[in-house]
Structure formats: C-alpha cells, structure tokens
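*Asks:* First residue of the sequence shown? That's 0 in numbering that gives the first Met the number 0, and the numbers climb one at a time after it.
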Amino acid sequence: MHPSPSSDPEKSFRSHAPGYWAGRNIPAEDWNSHTWQLKNRITTLRQLEEHLVLSEDERNGVVLSGTKLAMSITPHFFNLIDREDPECPIRKQVIPRVEETWTSPYEMADPCGEDSHMPVPGLVHRYPDRVLFLVTDRCASYCRYCTRSRVVSGVGEQELETDYEAAFRYLEQHTEVRDVLLSGGDPLLFSDNKLGKILARLRAIPHLEFLRIGTRVPVFLPQRITSELCAMLQEYHPLFMSIHVNHPRELTLEVKEGLERLANHGVPLGNQSVLLKGVNDDIGVMKALVHKLLMCRVKPYYLYQLDLIQGSSHLESPVEEGIAIIEGLRGHTTGYAVPQYVIDAPGGGGKVPVNPDYVLQRNRERTLIRNFEGRTFEYPEPLPGPAPILDY
0 MHPSPSSDPE
10 KSFRSHAPGY
20 WAGRNIPAED
30 WNSHTWQLKN
40 RITTLRQLEE
50 HLVLSEDERN
60 GVVLSGTKLA
70 MSITPHFFNL
80 IDREDPECPI
90 RKQVIPRVEE
100 TWTSPYEMAD
110 PCGEDSHMPV
120 PGLVHRYPDR
130 VLFLVTDRCA
140 SYCRYCTRSR
150 VVSGVGEQEL
160 ETDYEAAFRY
170 LEQHTEVRDV
180 LLSGGDPLLF
190 SDNKLGKILA
200 RLRAIPHLEF
210 LRIGTRVPVF
220 LPQRITSELC
230 AMLQEYHPLF
240 MSIHVNHPRE
250 LTLEVKEGLE
260 RLANHGVPLG
270 NQSVLLKGVN
280 DDIGVMKALV
290 HKLLMCRVKP
300 YYLYQLDLIQ
310 GSSHLESPVE
320 EGIAIIEGLR
330 GHTTGYAVPQ
340 YVIDAPGGGG
350 KVPVNPDYVL
360 QRNRERTLIR
370 NFEGRTFEYP
380 EPLPGPAPIL
390 DY
C-alpha cells in the first residue's frame, strides 16, 4: 500500500476505525465483519443522540423519518461524520432533516418515471437495449436524497414488488436487451450464494452481453467486499460495477482496499456522484474526489444533477454550479478524471448530457470552438461533393 503524498486529510487515505466506538472493546474481527456492521447500525434517535448533538431540524427530521425513508447508518460510515461541524458533508447525506417533509411544486415521488416503464414488477425497460433490475428494497445505509425513497427502506408509501421469474422470462423473450443493471436497494446486501444465483440465471440468457451492479456497499460497508465475494463475481464477466461516492472523505483506507480487491478480480469500476448543496458543489472538493477515485482505480463516470425527489430541495444546487465544476475540471486535470454531467430528464426522459458551451458557432464551412483557456479555434468542415483530384 502506497501512502498518499498529500498532507490534506481530504486527499489522503486513512482508517477511521474504531472512531466513536473506541473504548467499547470491540474485537477487530467484529469490526471487520459486515454482519456486525449491519447489526450495529444507527437506526434510532436515542442511538444518534448518544454520539451527536443534534439541531432541532435534525431531531425533528429523525422523528419524522419513519414515515418517509428510514434512517440507517453503518458504524463505518458514521465514523466519517465531524461532530464539531454542523455543516459536515457526511452528516448532510445520512442524517434526516425536517426539510425532508417539505415539498416543492416541481418535486415528484418518481422523478425518473420508472414505474411507468415497468413491463413486469421490478424490471424497468426505458432505454432500447438495456434494463434496470430492482432486486431489493434495502440498503446498508440510506441516502437522504434517494431517488427511490418511495419504495426503499420499507417505510414509504409504496412497496417494491419484484417478480423474479417474470423478469427472467421477459429478458429471455426480448432479444434486443444486451445490458442488465442490478440495483434497488443494494444487491451487495444479498449473500454470495443468492447474488450468484441471480447472476447465473442472467448469464444463461445468450443475448445478454454484460451485467452491471449499482451499489454503495463498498462505501457504506467496505467489510462486505471479501475475497470470496470478488471470486464469485469474477465468474460472471463481463461484469461492471457502479459505485456512489460524493465526497473525498468517504474514500477511506478500507474503502480503497475493497475497491482494489474488486479491480484485481477484473471488475471495471465507475463512480456516480450526485451534485449536493454543501457537500460537493465546489470545484476543490470535486477535484480532490475525482483524483482519489482514480487512485482507487475507479473512473469518475457520472455527475448527476439531483433528481426532483420529494423533500430534497434543501440539497439542490443550480445547474450552473454543475457546469462550472465540469469547466473547472476539463483541461485542468486528466481526462480520465472528468465525469459526464447529466440531468435525468424529469418524468422518465432519460439521461441528458449537460456540458459547458465549447462550440461557439457552426455553419457549412466551419465550426468555431473554444478550449479550456478560453482561446478560440476554427475547424474547417469538409467540402461538399467528391474529393478533388490532385495532379502531380
């Protein structure tokens, strides 16, 4: 393991264990067990107040969270919260606030229109050649801005009803589908055996070219990324994994080791961040994040504009902030570190890329472009008709 050369704590990799649990004489084998981590999650107001001084807005948010989206925070992730900073970017992501009960006129229960693109329960077919397979409604911890808060955690108004056999039959019949994304909830909460059976069933369908898993378990629960899990996943290549990291502090030493273990077993890794007010709406924070991701062998893939989920307006940043972040990255760091900024078009329109305006003018003769420095360049368009014959 090569230590980071940076002295900036947001750019370095370090362990926070046992953190708030110091003094409780927790054996290392317990702390490093994902089952222990899950059993000892922070799920109640009493537990939370044992460790943190809550604001009135947070306290009221926790009391009301049981009717919208449950609170659950793994000990590992809870250790990343700065108890002295009420504006801590980790705190904002997992501790409920009363603002979650406020609803703006433009917010939606299902902002991505998944329910209307569900031919069988639990399978979303919105794009021509790929589907989203919602295999579970549970996560290791719950993000307060969750796009699927209507169905995850077991306390919302809806329940996720997945018909596995109907989904498999649909996929067998629809030969245009070549890509299946497993999500939910978090598929990595399943046992190796249960997840392996789902992957094996999908791999038995000849026209499915590759599989993907969307997960935040490597970040919330890095103890789950065992050698046994990685060896099982390796059997079903090509298999890709999209993780979800929003702030550089989330990339601890344990998370880095888990991601490296996945990469060493041939799993290509991409990261999807959500632009969140007070968390990562800052070019310095985002640059530290994407650089740390590359050190973990993870490609920054998407930067999402926050979906218009009900009760999320307190975390929403304007689109111009996202564009400014991309402009602050493009040309100023390696291209591998620059994610694609997208808006998931409200109501089910799919992902729409949003970029700074680098094309200034276009006509039949030329395209006028600018670079990251603001300098302009002219690119000639090919002449119409056959290429001229050169007489030597």
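Just so you know, even glycine gets a beta-carbon here, dropped at the ideal spot from N, CA and C.
Residue ranges of each beta strand (DSSP E) run of no fewer than 3 residues wholly in the region 282-361, ordered along the chain?
*Replies:* Listed in chain order, they are 298-303, 339-344, 349-352 and 358-361.
*Asks:* Measuring CB to CB, does Gly65 end up less than 7 Å from Arg137?
*Replies:* Residue 65 sits at position 66 when you count from the first residue of the sequence shown. Residue 137 sits at position 138 when you count from the first residue of the sequence shown. Not closer than 7 Å, so no.
*Asks:* By Cβ distance below 8 Å, which residues in the same chain neighbour Tyr300 in space, the five residues on each side in sequence not counted?
*Replies:* Within the sequence shown, the letter at position 301 stands for residue 300. Same-chain partners within the cutoff: Ser241, Gly269, Asn270, Gln271, Pro338 and Gln339.
*Asks:* In whole angstroms, give me the CA-to-CA distance for Lys298 and Leu292.
*Replies:* To locate residue 298, count along the sequence shown from 1; it is residue 299. To locate residue 292, count along the sequence shown from 1; it is residue 293. Taking the straight line joining both Cα atoms gives about 7 Å.
*Asks:* Between which two residues does the beta strand (DSSP E) containing Pro383 stretch?
*Replies:* For the purposes of this step, residue 383 is identified with residue 384 of the sequence shown, where counting begins at 1. Taken as a continuous stretch (DSSP letters only), Pro383 belongs to no beta strand (DSSP E), as it is neither H nor E.
*Asks:* According to DSSP, simplified to helix, strand and coil, what is Gln157?
*Replies:* Position 158 of the sequence shown, counting from 1, holds the residue named residue 157. Here Gln157 sits in coil by DSSP.
*Asks:* In whole angstroms, what separates the C-alpha of Cys295 from that of Gly277?
*Replies:* As a first step, residue 295 must be located in the sequence shown, where it is residue number 296. As a first step, residue 277 must be located in the sequence shown, where it is residue number 278. Going by the C-alpha atoms only, they are around 24 Å apart.
*Asks:* From Ser3 to Phe12, what distance separates their C-alpha atoms?
*Replies:* For the purposes of this step, residue 3 is identified with residue 4 of the sequence shown, where counting begins at 1. For the purposes of this step, residue 12 is identified with residue 13 of the sequence shown, where counting begins at 1. Below a pLDDT of 50, predicted positions are generally treated as unreliable, and Ser3, at 42, falls in that range; no measurement from the model is reported.
*Asks:* What's the gap between the Cα of Ser316 and the Cα of Leu305?
*Replies:* Residue mapping note: residue 316 aligns to position 317 of the sequence shown, counting from 1. Residue mapping note: residue 305 aligns to position 306 of the sequence shown, counting from 1. Using only the alpha carbons, I get a separation of about 8 Å.
*Asks:* Taking all protein chains shown into account, decide if Thr174 is buried (16 or more other Cβ within 10 angstroms of its Cβ) or exposed.
*Replies:* Along the sequence shown, one-based indexing puts residue 174 at 175. Exposed, by the Cβ-count rule.
*Asks:* Exposed or buried, Gly26, counting other C-beta atoms within 10 Å across all chains shown (16 or more means buried)?
*Replies:* Taking the sequence shown and counting its residues from 1, the one referred to as residue 26 is at position 27. At residue 26 the sequence reads Pro, which differs from the Gly that was named. Flag for Pro26 reads exposed.
*Asks:* Would you mind giving the Cβ-Cβ distance between Arg211 and Phe239, rounded to the nearest angstrom? I have them listed as a contact below 8 Å.
*Replies:* The sequence position of residue 211 within the sequence shown is 212, counting from 1. The sequence position of residue 239 within the sequence shown is 240, counting from 1. Their Cβ separation, rounded to whole angstroms, is 5 Å, which keeps Arg211 and Phe239 in contact under 8 Å.
*Asks:* How is Ser272 classed by DSSP in three states: helix, strand or coil?
*Replies:* The sequence position of residue 272 within the sequence shown is 273, counting from 1. It is a strand residue.
*Asks:* Is Leu209 helix, strand or coil when you go by DSSP?
*Replies:* As a working note, residue 209 is residue 210 in the sequence shown. For clarity, residue 209 is Phe in the given sequence; the question names Leu instead. DSSP places Phe209 in strand when its eight states are reduced to three.
*Asks:* The beta strand (DSSP E) spanning Pro247 covers which residue range?
*Replies:* For the purposes of this step, residue 247 is taken as residue 248 along the sequence shown, with counting starting at 1. First-last for Pro247: undefined, no H or E at that position.
*Asks:* Do Gly195 and Ile224 count as a contact pair if the criterion is CB distance below 7 Å?
*Replies:* Taking the first residue of the sequence shown as 1, we reach residue 224 at position 225. Taking the first residue of the sequence shown as 1, we reach residue 195 at position 196. It is not a contact, given that the beta carbons lie outside the stated cut-off.
*Asks:* So, for Asp29: in the same chain, excluding its five sequence neighbours on each side, which residues have a beta-carbon less than 8 Å away from its beta-carbon?
*Replies:* Taking the first residue of the sequence shown as position 1, residue 29 is located at position 30. Trp35.
*Asks:* Assuming His33 is part of the beta strand (DSSP E), what are its boundary residues?
*Replies:* Counting from one through the sequence shown, the residue named residue 33 turns up at place 34. Segment His33 to Lys38 is the alpha helix (DSSP H) holding His33; no beta strand (DSSP E) there.
*Asks:* Taking the beta carbon of Leu275 as the centre, do at least 16 other beta carbons fall within 10 Å, making it buried, or is it exposed?
*Replies:* As a working mapping, residue 275 is identified with position 276 in the sequence shown. Burial call: buried.
*Asks:* Between the region 345-359 and the region 129-144, do three or more beta carbon pairs fall short of 8 Å?
*Replies:* Touching, no.
*Asks:* Along the beta strand (DSSP E) that carries His124, what are the first and last residues, could you check?
*Replies:* Here residue 124 refers to the residue found at position 125 when the sequence shown is read from its first residue. His124 -> beta strand (DSSP E) spans Leu122 to Tyr126.
*Asks:* Mind checking Pro383: buried by the 16 CB within 10 Å criterion, or exposed?
*Replies:* As a first step, residue 383 must be located in the sequence shown, where it is residue number 384. Flag for Pro383 reads exposed.
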